[in-house]
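Please read the structure below before turning to the comments.
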Amino acid sequence: MRRVLSWALIIAGLLLILSPLVKNGYSIYMQRELLQSIEQSNPQESATDAETGVSALPTPANPSSPDTAPLVQPSLPIKAVLVLNIPKLNLKTAVVKGVTSRDLSMGPGLYPDSALPGEIGNVAIAGHRNVFGSWFRHLNRMVPGDLISITYQGKTYDYTVEKVFIVAENDWSVVAPTDYQALTLTTCDPPGNVIQRLIVRARQSNQ
Numbered sequence: 018m019r020r021v022l023s024w025a026l027i028i029a030g031l032l033l034i035l036s037p038l039v040k041n042g043y044s045i046y047m048q049r050e051l052l053q054s055i056e057q058s059n060p061q062e063s064a065t066d067a068e069t070g071v072s073a074l075p076t077p078a079n080p081s082s083p084d085t086a087p088l089v090q091p092s093l094p095i096k097a098v099l100v101l102n103i104p105k106l107n108l109k110t111a112v113v114k115g116v117t118s119r120d121l122s123m124g125p126g127l128y129p130d131s132a133l134p135g136e137i138g139n140v141a142i143a144g145h146r147n148v149f150g151s152w153f154r155h156l157n158r159m160v161p162g163d164l165i166s167i168t169y170q171g172k173t174y175d176y177t178v179e180k181v182f183i184v185a186e187n188d189w190s191v192v193a194p195t196d197y198q199a200l201t202l203t204t205c206d207p208p209g210n211v212i213q214r215l216i217v218r219a220r221q222s223n224q
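Heads up: take any position in the sequence shown, counting from 1, add 17, and you land on the working numbering.
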């Protein structure tokens, strides 16, 4: 009996250790597929038609808690909308449409009702910091003056960071529409903590 219990504890421990590695590996693989798909797609495709055909498995969850690990079940294909490039962080990633846990397991996600690059308004993007690829893990390194670019429908839009700050988890004013061409990146702060969010706000610098 003790031997069985010992093996059970060992297996449980291995599962706890391997689970994050499996999730990250899965997300990195799926992100690579999404990035390849959107870079090879017709640049004239609209955001609503930019379906990659990559099927994701995790279930949706509350978008206000982006670091909640989802369960697994069959689901519809994830849609990649644009490509986000942050040279300072050596980050180039496909951004998917939506901010559910299912969406964010594939990469950073565009908030519902977000503006699109080139429009007057706020291009608002959420991303994980400590799970599923951890695309925004080092977002805290950004400072005013840093450059960010977005490629959308074959055109590149450049942004300059104006400020980096912290808000409460339920402060949705940061993703509200703006009267100028803004870009807002959001993630949990500190990593894994859903009480606060780290915000990077940038302004489009080219037309």
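Quick reminder that beta carbons are idealized off the backbone N, C-alpha and C, glycines included. Bear in mind that the values here come from a model prediction, so they are computed numbers and not experimental data.
Same chain, Cβ closer than 8 Å to G162, five either side skipped, listed in chain order: For G162, where only same-chain residues beyond five positions count, the Cβ hits under 8 Å are T177, V178.
Pairwise C-alpha distance: A141 and I167: Cα-Cα distance, rounded: 12 Å.
Residues bridged to V184 [DSSP beta-bridge criterion]: R214
With 16 other Cβ atoms within 10 Å as the buried cut-off, status of S222: exposed
Span of the beta strand (DSSP E), counted from its first residue to its last, around D206: 198-206
Nearest-angstrom Cα separation, counted from I137 out to N147: Approximately 32 Å, taken between the alpha carbons.
R220 vs T204 beta-carbon contact at 8 Å: no
Pairwise C-alpha distance: A97 and F182: 27 Å
DSSP-derived helix/strand/coil call for S54: helix
Integer Cβ distance of L99 from V116, believed to fall under 8 Å: Their Cβ separation, rounded to whole angstroms, is 14 Å, which puts L99 and V116 out of contact at 8 Å.
For G144 and S131, the rounded distance between their alpha carbons: 15 Å
Extent of the continuous beta strand (DSSP E) to which R118 belongs: According to the sequence shown, residue 118 is Ser rather than Arg. First-last for S118: 118-121, but that is the alpha helix (DSSP H), not the beta strand (DSSP E).
Contact set for P194: own chain, Cβ-Cβ below 6 Å, skip 5 residues either direction: Spatial neighbours of P194 in its own chain (CB-CB distance under 6 Å, excluding positions within 5 residues in sequence) are listed in chain order as G138, N139.
Which of helix, strand or coil DSSP assigns to L101: Residue state, collapsed to three classes: strand.
Residues near G124 in its chain [Cβ-Cβ closer than 7 Å; skip 5 each side]: Excluding positions up to five away in sequence, the list reads Q48, L51, T110, A111, V112, V113, G150, W152.
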